[in-house]
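Residue numbers (the numbering used here): 288 to 545. All C-beta atoms in this analysis are idealised placements derived from N, C-alpha and C, irrespective of residue type, glycine included. This structure is a prediction, so every number in the text was calculated from the model and none was measured.
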Amino acid sequence: MCFLLFAVRVHPDYPLVIAANRDEFLARPASPAGFWEDAPNVLGGRDLEAGGTWLGITRQGRFAALTNYRNPDGHDATRPSRGALVSDFLTDAEKIPAATYLKQIDDADKTYNGYNLIAGSGSTLIHYSNQANELTLLTEGVHALSNALLDTPWPKSVRGTHALEQILAKPGQPDTESMLALLTDRDPAKDDALPDTGVGTEAERALSPIFIRHGTYGTRCSTIITIRDDGEVNFLERTFSSSPEEYSDARFTFDIVD
């Protein structure tokens with residue numbers, strides 16, 4: 288399902304900072320972040336079941352990420368994987384602008400199950416959901432995207448937004464370890480603050496932390512991306528095994544090229 292935080296032109300030296308968790312069934316196969324053999328300009332993990340991805344960035348600075356929109360009554364298991372929406376944007380040979388790409392999707396007929404898609408380049412990012420069918424430019428500030436529409440004030444989104452604002456308010460470069468600690472917050476929301484998305488109170492409670500562990504489902508990895516104003520990209524993916532304390536890291540640094 289995934290959880291994403293975006294700081295757009297908040298830090299004086301880093302116009303874009305992204306902190307994200309990928310939530311997925313633990314048994315679904317995936318490859319860790321790396322540059323793709325079949326698309327060497329693309330950096331990201333890969334869903335080995337359907338071939339798409341949940342989040343990625345290119346050497347040219349094109350970025351895209353996806354979250355599921357939680358709507359169990361509207362879910363159809365026969366629909367295609369939503370990860371293709373991210374990988375298609377990142378691998379587009381024409382490099383069409385994000386707004387054009389998102390308009391072309393026009394998923395009002397719900398070809399895919401419910402989703403949110405963020406796409407863009409640099410600090411210019413646009414949100415699209417097939418639940419609302421409109422484009423929204425991410426304005427200056429910190430934005431949160433969980434499994435409802437952009438900036439819906441679910442408890443984890445409110446908590447994450449405030450925490451990232453505080454981290455980025457400190458002098459110096461963004462504190463990666465503090466952002467990773469934020470992404471491993473396992474505190475559930477109080478029952479009276481839980482959203483009602485049709486999965487029942489127990490599941491709502493289990494899915495309410497920023498870092499999820501719920502039976503065969505949970506947070507698989509955390510990703511931190513910082514883009515400096517001179518075009519330097521730092522990408523860190525932390526992949527978890529059985530708990531937040533057991534993980535492996537993959538780090539990449541490159542400069543955006545035209």
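Residues near residue i by beta carbon distance below 8 Å, same chain, minus five either side
i      : result
Thr540 : Glu519, Val520, Asn521 and Phe522
Gln347 : Asn328, Lys382, Ser408, Ile543, Val544 and Asp545
Pro359 : Thr484, Gly485 and Val486
Tyr534 : Arg525, Thr526, Phe527 and Ser528
Ile413 : Ala385, Ala386, Leu389, Ile405, Ala406, Gly407, Leu422, Thr423, Leu424 and Leu425
Ala314 : Thr503
Asp393 : Asn420
Exposed unless 16 or more other CB atoms sit within 10 angstroms - verdict on residue i
i      : result
Asn403 : buried
Ala395 : exposed
Leu342 : buried
Thr387 : exposed
Thr365 : exposed
Thr398 : exposed
Ser374 : buried
Asn420 : exposed
Chain-order list of residues whose beta-carbon lies under 6 Å from that of residue i (same chain, five-residue window excluded)
i      : result
Ser444 : Ala431 and Ser433
Arg473 : Pro496 and Phe498
Ser368 : Ala337 and Gly339
Ala480 : Pro442
Ser410 : Val295, Arg296, Pro302 and Leu303
Arg507 : Arg309 and Glu311
Phe322 : Leu330
Arg357 : Asn434 and Thr484
Tyr415 : Leu389, Leu404 and Leu422
Glu452 : Val429
Residues bridged to residue i [DSSP beta-bridge criterion]
i      : result
Asp310 : Thr506
Asp334 : Ala317
Asn355 : Tyr402
Val329 : Thr345
Val429 : Ala294
His362 : DSSP, once it has assigned bridges, lists no residue as partnering His362.
Ile499 : Its beta-bridge partners do not exist; DSSP assigns none.
Thr439 : DSSP output for Thr439 lists no bridge partner at all.
Phe350 : Ile344 and Gly407
Asp536 : Arg525
Pro519 : The residue asked about is misnamed: residue 519 is Glu in this sequence, not Pro. DSSP output for Glu519 lists Asp542 as bridge partner(s).
His414 : Ile405 and Thr423
Thr513 : Val304 and Asn521
Phe322 : Leu330
Inter-residue spacing [alpha-carbon to alpha-carbon] between residue i and residue j
i      : j      : result
Leu494 : His501 : 7 Å
His449 : Glu311 : 25 Å
Asn355 : Asn400 : 8 Å
Arg333 : Lys477 : 34 Å
Tyr316 : Gln460 : A quick correction: the sequence has Pro, not Tyr, at residue 316. For Pro316 and Gln460, the distance between alpha carbons rounds to 34 Å.
Pro249 : Glu491 : Because the chain spans 288 through 545 in this model, residue 249 falls outside it and cannot be assessed.
Arg538 : Pro319 : 11 Å
Tyr504 : Leu291 : 18 Å
Glu464 : Thr471 : 11 Å
Leu335 : Glu324 : 14 Å
Ser509 : Ala468 : 10 Å
Gly428 : Pro458 : 17 Å
Cys289 : Ala352 : 9 Å
Pro475 : Pro482 : 12 Å
Gly361 : Gln418 : 11 Å
Gly447 : Asp438 : 11 Å
Ile344 : Ala371 : 14 Å
Own chain, CB closer than 7 Å to residue i, minus 5 neighbours either side, in chain order
i      : result
Leu455 : Ala294, Val297, His298, Val304 and Pro461
Can we say the segment 371-378 touches the segment 314-331, given the rule of at least three CB pairs closer than 8 Å?
-> yes
Are the segment 478-487 and the segment 508-517 in contact at 8 Å, needing three or more beta carbon pairs?
-> no
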